[in-house]
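Engineer: One structure, pasted below without further comment.
2 protein chains.
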Amino acid sequence: MLDWSSADVLSIAHMREAHERIKPHIRRTPVLTSDYLDELSGARLFFKCENFQEAGAFKVRGACNAVFGLSDAMAEKGVATHSSGNHALSLSYAAGRRGIPCNVVMPRTAPAAKKDAVRRYGGTITECAPSTSAREEVFAEVQARTGAEFVHPYNDPRVIAGQATCSAELLEQAPGLDAVVAPIGGGGMVSGSCLTLSNLAPGVKIYAAEPEQADDAFRSLQAGHIIADDAPETVADGLKVPLRENTWFFVSRFVSEIYTASEQEIIAAMKITWKHLRIVMEPSSAVPLATIMKNPAVFQGQRVGIIITGGNVDLDNLPWTGAEEEKR
Amino acid sequence: MLDWSSADVLSIAHMREAHERIKPHIRRTPVLTSDYLDELSGARLFFKCENFQEAGAFKVRGACNAVFGLSDAMAEKGVATHSSGNHALSLSYAAGRRGIPCNVVMPRTAPAAKKDAVRRYGGTITECAPSTSAREEVFAEVQARTGAEFVHPYNDPRVIAGQATCSAELLEQAPGLDAVVAPIGGGGMVSGSCLTLSNLAPGVKIYAAEPEQADDAFRSLQAGHIIADDAPETVADGLKVPLRENTWFFVSRFVSEIYTASEQEIIAAMKITWKHLRIVMEPSSAVPLATIMKNPAVFQGQRVGIIITGGNVDLDNLPWTGAEEEKR
Chain A
1 MLDWSSADVL SIAHMREAHE RIKPHIRRTP VLTSDYLDEL SGARLFFKCE
51 NFQEAGAFKV RGACNAVFGL SDAMAEKGVA THSSGNHALS LSYAAGRRGI
101 PCNVVMPRTA PAAKKDAVRR YGGTITECAP STSAREEVFA EVQARTGAEF
151 VHPYNDPRVI AGQATCSAEL LEQAPGLDAV VAPIGGGGMV SGSCLTLSNL
201 APGVKIYAAE PEQADDAFRS LQAGHIIADD APETVADGLK VPLRENTWFF
251 VSRFVSEIYT ASEQEIIAAM KITWKHLRIV MEPSSAVPLA TIMKNPAVFQ
301 GQRVGIIITG GNVDLDNLPW TGAEEEKR
Chain B
1 MLDWSSADVL SIAHMREAHE RIKPHIRRTP VLTSDYLDEL SGARLFFKCE
51 NFQEAGAFKV RGACNAVFGL SDAMAEKGVA THSSGNHALS LSYAAGRRGI
101 PCNVVMPRTA PAAKKDAVRR YGGTITECAP STSAREEVFA EVQARTGAEF
151 VHPYNDPRVI AGQATCSAEL LEQAPGLDAV VAPIGGGGMV SGSCLTLSNL
201 APGVKIYAAE PEQADDAFRS LQAGHIIADD APETVADGLK VPLRENTWFF
251 VSRFVSEIYT ASEQEIIAAM KITWKHLRIV MEPSSAVPLA TIMKNPAVFQ
301 GQRVGIIITG GNVDLDNLPW TGAEEEKR
């Protein structure tokens, strides 16, 4: 019987148990490549397309591991969470597949596409002001009212072990990687990648990519302790949340570097990926490529895995369209 | 030694020879699914994503078969063609890989994204007025000047055999299909699908999908002979060209029905696919889903393969953005 109580007990066995548990509910997403983007970056890039999950984000992995790991007695009152979007809709999706209720607290400013998806999967939304403090406060009320099981978007070991399954697939799909680059917000995907890679492929370097305007993880790694910003502003709406103790555990031990990119660099990397890889992905998913293009010496000639974290985008409000309208 | 002189000699051996020849130069593109789109359509849909070819379209299959099948003596003077876009850039891509010249005649109105790609792959563009007659006239001059080998975008048996490799992969990737639906312009992809499916899976029905505003193939099938329009107008810019004798050979024998969709239906199907399958694809690639949603009784409960033909889109000029601006 595995102990799931905290991040420091997580072993590769937790990842393997999670993978078996969630396989009926997730997709083994494809890995795409682009000769053009390889040429542009000077590296050989392998894009793991988690935007192709039914719910449009890697977060279904952690959400399904948490939801399907509950005993029937625990599952009865449902699950609850707070999230800027993809965890909310992924938990709603997982709960819907198990047929249990899901309550989510979302910032009023979350993209309409993400709120629509939560409702479509049967989740119930309570809105809050767009700050970490506001969302935690509103959430406490919701949880007290429902008695639901709290599934934190990233600080939950069940969630980290679920996200860890993504890198396990990537290792099989793109052999011989030198490095993996994933976007970092709260650090769930990065922590999962650390769990898997440090055990199964310790020679693979792990880099995190963060918006300059929400660079709390970068500053945390420099300072040696968690620095949390309350309400950073960035186009990469999935990356506004701070690290917590269970993700800090992995990030502080296994991440080689955190690189940052400006808003303009993120939008440019997003547009070039849409154009040449021909996938619909979120601004957050463009931060790794933006940082790779900015640090060519680090990645020159290397085989680099990139986690495309999600694809829930408001197609009526693309960042480059807005920029162009301003220019007029 | 296979005879490649005309469509009526093409056998499944030509498809197999083409597949071996082009494998080093093309991708075995993934097949994506969406529970949401299945629910919406009432069918089980398998999207063969040819937009993920490096050059962004299935047309690299036919182009590579033609280019790499040339003797060294023939290859020396290069290749030439006329095309609304994807064949032009695919032939440029194939010629670039072999290191031979490529001359293409393109309508002035072809999307900028497609012209840019032709130039990036090393092709030389000569522009013409946006009508079939104009492009054939300008092309005659170009060919006379260069002496290049003419590779017709779809009426060439080498091209049809190349396109036929797509359905061969689809049959392996999505077993037990009841039907395949592909967009129809000149009929190259549909003819290739007919070649493969009529030989390897004769129980699979073949449907073609066409814009109402460029429904010459629909009217041809009804009339029993080719009807060609000179310059139809549709958002599905890849589907404006008429059938020719070698594609008519396959379409008239093996296609069960040609269904049509309006411009609004095509744009709606395009947007919903971007949103839920999370791929960047051209308006032409949305015509199959538009016709499936329009004819639910035909496809109810069936396993249906859909060819996503290409993904070379001008991201600054998406059809739903234009429509919204008009509304304001």
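Residue numbers (this note's numbering), protein chains in the order written: chain A, 1 to 328; chain B, 1 to 328.
Each residue gets a CB set at the ideal place from its N, CA and C atoms; glycine is no exception.
Source: prediction; values computed, not measured.
Closer than 7 Å by beta-carbon distance: list the chain A residues that pair up with B:V280, in chain order.
Structural biologist: One-based indexing of the second sequence puts residue 280 of chain B at position 280. Listed along the chain, the chain A residues whose CB falls inside 7 Å of the CB of B:V280 are W274, R278, I279, V280.
Engineer: Which residues, in chain order, does the region 50-67 of chain B contribute to contact with chain A at a C-beta distance below 8 Å?
Structural biologist: Answer set for the region 50-67 of chain B: N51, F52, E54, G56.
Engineer: Would B:V251 pass as a contact of B:S191 if the rule is Cβ separation under 8 Å?
Structural biologist: Start at 1 with the first residue of the second sequence, and residue 251 of chain B comes out as number 251. Start at 1 with the first residue of the second sequence, and residue 191 of chain B comes out as number 191. Cβ distance < 8 Å, so B:V251 and B:S191 count as in contact.
Engineer: Whose C-alpha, out of B:A80, B:L2, B:V304, is nearest the C-alpha of B:A140?
Structural biologist: As a first step, residue 140 of chain B is located in the second sequence; it is residue number 140 there, counting from the start. From the listed residues B:A80, B:L2, B:V304, the smallest Cα separation to B:A140 is found for B:A80.
Engineer: So the candidates are B:S131, B:E149, B:H14, B:R244; which of them puts its Cα closest to the Cα of B:D230?
Structural biologist: Position 230 of the second sequence, counted from the first residue, corresponds to residue 230 of chain B. Among B:S131, B:E149, B:H14, B:R244, the Cα nearest to that of B:D230 is on B:S131.
Engineer: Would you please verify whether the beta carbon of B:L177 is less than 8 Å from any beta carbon of chain A?
Structural biologist: Here residue 177 of chain B refers to the residue found at position 177 when the second sequence is read from its first residue. For B:L177, the answer is no, since every Cβ of chain A falls outside 8 Å of its Cβ.
Engineer: In the structure shown, what three-state DSSP assignment does A:K294 receive?
Structural biologist: As a working mapping, residue 294 of chain A is identified with position 294 in the first sequence. Looking at A:K294 - three-state DSSP - the assignment turns out to be helix.
Engineer: Short of 8 Å in beta carbon distance, which residues of its chain neighbour A:I160, apart from the five on each side in sequence? Order them along the chain.
Structural biologist: Reading the first sequence from its first residue, position 160 is the one you call residue 160 of chain A. Cβ neighbours of A:I160 beyond the five flanking positions: A7, L10, G62, Y154, G188, S191, G192, L195, N246, T247, F250.
Engineer: Please state whether DSSP places B:N155 in a helix, a strand or coil.
Structural biologist: Position 155 of the second sequence, counted from the start, is the residue given in the question as residue 155 of chain B. Here B:N155 sits in coil by DSSP.
Engineer: Decide if the region 51-70 of chain B is in contact with the region 17-29 of chain B; the criterion is three or more beta carbon pairs, one per stretch, under 8 Å apart.
Structural biologist: yes
Engineer: So, with DSSP's three-state summary, where would you put B:I267?
Structural biologist: In the second sequence, the residue the question calls residue 267 of chain B occupies position 267. In the structure shown, B:I267 sits in a helix (DSSP, three-state: H, G or I).
Engineer: Please report the Cβ distance between A:C49 and A:L32, rounded to the nearest whole angstrom; I am assuming they are in contact, meaning their Cβ atoms lie under 8 Å.
Structural biologist: Taking the first residue of the first sequence as position 1, residue 49 of chain A is located at position 49. Taking the first residue of the first sequence as position 1, residue 32 of chain A is located at position 32. Rounded, the Cβ-Cβ distance is 6 Å, consistent with contact.
Engineer: Can you find a C-beta in chain B that's less than 8 Å from the C-beta of A:W320?
Structural biologist: Looking up residue 320 of chain A in the first sequence gives position 320. With 8 Å as the cut-off, A:W320 counts as an interface residue toward chain B.
Engineer: Considering only their Cβ atoms, is the gap separating B:I279 from A:V280 smaller than 8 Å?
Structural biologist: For this step, residue 280 of chain A is matched to residue 280 along the first sequence. For this step, residue 279 of chain B is matched to residue 279 along the second sequence. Contact: yes.
Engineer: Hey, is the region 204-222 of chain B in contact with the region 295-307 of chain A, meaning 3+ C-beta pairs nearer than 8 Å?
Structural biologist: Note that the region 204-222 of chain B does not touch the region 295-307 of chain A; fewer than 3 beta-carbon pairs, one per stretch, sit closer than 8 Å.
Engineer: What is the DSSP secondary structure of B:P211, counted as helix, strand or coil?
Structural biologist: In the second sequence, residue 211 of chain B corresponds to position 211, counting from 1. It is a strand residue.
Engineer: List the whole-angstrom C-beta distance separating B:I307 from B:C166, where the pair is believed to meet the contact cut-off of C-beta under 8 Å.
Structural biologist: On the second sequence, position 307 is the one that residue 307 of chain B refers to. On the second sequence, position 166 is the one that residue 166 of chain B refers to. Right, their Cβ atoms sit about 6 Å apart.
Engineer: When you compare the CB positions of A:G331 and A:G238, do they come within less than 8 Å of one another, or not?
Structural biologist: An answer regarding residue 331 of chain A cannot be provided, because it is not within the stretch 1 to 328 covered by chain A.
Engineer: Check the Cβ-Cβ distances between A:P153 and every residue of chain B, and say whether any is below 8 Å.
Structural biologist: Taking the first residue of the first sequence as position 1, residue 153 of chain A is located at position 153. A:P153 does not count as touching chain B.
Engineer: If you reduce the DSSP assignment to three classes, tell me which class A:R303 lands in.
Structural biologist: As a position in the first sequence, residue 303 of chain A is number 303, starting the count at 1. In the structure shown, A:R303 sits in a strand (DSSP, three-state: E or B).
Engineer: Just verifying my parser: in three-state terms, what is the DSSP assignment at A:I160?
Structural biologist: As a first step, residue 160 of chain A must be located in the first sequence, where it is residue number 160. A:I160 falls in the helix class under three-state DSSP.
Engineer: If we define contact as Cβ-Cβ less than 8 Å, is B:E324 a contact residue for chain A?
Structural biologist: Working through the second sequence from its first residue, we reach residue 324 of chain B at position 324. Reliability fails at B:E324, whose pLDDT of 45 lies under 50, so the model's placement of it is uncertain and the value that follows must be treated cautiously. With 8 Å as the cut-off, B:E324 counts as an interface residue toward chain A.
Engineer: By the criterion of Cβ-Cβ separation under 7 Å, what are the contact partners of A:L289 in chain B?
Structural biologist: For the purposes of this step, residue 289 of chain A is identified with residue 289 of the first sequence, where counting begins at 1. Those do not exist, as A:L289 stays about 15 Å from chain B at its closest Cβ, beyond 7 Å.
Engineer: Are there 16 or more other CB atoms within 10 angstroms of the CB of B:R328, so buried, or fewer, so exposed?
Structural biologist: By 1-based counting over the second sequence, the position of residue 328 of chain B is 328. The pLDDT assigned to B:R328 is 35, lower than 50, so where the model puts this residue is not dependable; a value taken from the coordinates is nonetheless given after this. By the neighbour-count rule (16 or more Cβ atoms within 10 Å), B:R328 is not buried but exposed.
Engineer: Looking at chain A, is there any beta carbon in it that lies within less than 8 Å of the beta carbon of B:K271?
Structural biologist: Here residue 271 of chain B refers to the residue found at position 271 of the second sequence. So yes, B:K271 belongs to the interface.
Engineer: If I'm right that B:A94 touches B:H25 with Cβ under 8 Å, what's the distance once you round it to whole angstroms?
Structural biologist: The count along the second sequence starts at 1 and reaches residue 94 of chain B at position 94. The count along the second sequence starts at 1 and reaches residue 25 of chain B at position 25. With 8 Å as the limit, B:A94 and B:H25 qualify as a contact, their Cβ atoms being about 7 Å apart.
Engineer: Per DSSP, what are the beta-bridge partners of B:R44 in this structure?
Structural biologist: Locating residue 44 of chain B in the second sequence gives position 44, counting from the first residue. B:R303, per the DSSP bridge assignment.
Engineer: What in chain A is Cβ-close to B:S41, meaning under 7 Å?
Structural biologist: Here residue 41 of chain B corresponds to residue number 41 of the second sequence, with the count starting at 1. Residues of chain A passing the Cβ test: none, with the nearest at roughly 15 Å.
Engineer: Cα separation between A:E265 and B:L289?
Structural biologist: Taking the first residue of the first sequence as position 1, residue 265 of chain A is located at position 265. Taking the first residue of the second sequence as position 1, residue 289 of chain B is located at position 289. Roughly 35 Å separates the two Cα atoms.
Engineer: Using a Cβ-Cβ cutoff of less than 6 Å, which residues in the same chain neighbour A:T29 once the five nearest sequence positions on both sides are dropped?
Structural biologist: In the first sequence, counting from the first residue as 1, residue 29 of chain A sits at position 29. Residues C49, E50, F52 of the same chain have their beta carbon placed closer than 6 Å to that of A:T29, with the five preceding and five following residues left out of the count.
Engineer: Below 8 Å on C-beta distance, what does A:S34 contact in chain B?
Structural biologist: Translated into the one-based positions of the first sequence, residue 34 of chain A becomes position 34. Those within 8 Å of A:S34 in chain B are E54.
Engineer: Rounded to a whole number of angstroms, what is the C-alpha to C-alpha distance between A:G56 and A:G311?
Structural biologist: Indexing the first sequence from 1 puts residue 56 of chain A at position 56. Indexing the first sequence from 1 puts residue 311 of chain A at position 311. Whole-angstrom Cα-Cα distance: 5 Å.
Engineer: If the cut is a Cβ gap below 7 Å, which residues of chain B does A:G311 touch?
Structural biologist: Counting from one through the first sequence, the residue named residue 311 of chain A turns up at place 311. Correct list: R278.
Engineer: If B:A75 and B:R108 are in contact, beta carbons under 8 Å, what's the gap, nearest whole angstrom?
Structural biologist: Within the second sequence, numbered from 1, the residue matching residue 75 of chain B stands at position 75. Within the second sequence, numbered from 1, the residue matching residue 108 of chain B stands at position 108. B:A75 to B:R108, Cβ: 29 Å. No contact.
Engineer: Hey, out of B:S285, B:A217, B:I272, whose CA is closest to B:A236's CA?
Structural biologist: Here residue 236 of chain B refers to the residue found at position 236 of the second sequence. Here the closest residue by C-alpha is B:S285.
Engineer: Does DSSP put A:L32 in a helix, in a strand, or in coil?
Structural biologist: Indexing the first sequence from 1 puts residue 32 of chain A at position 32. Residue state, collapsed to three classes: strand.
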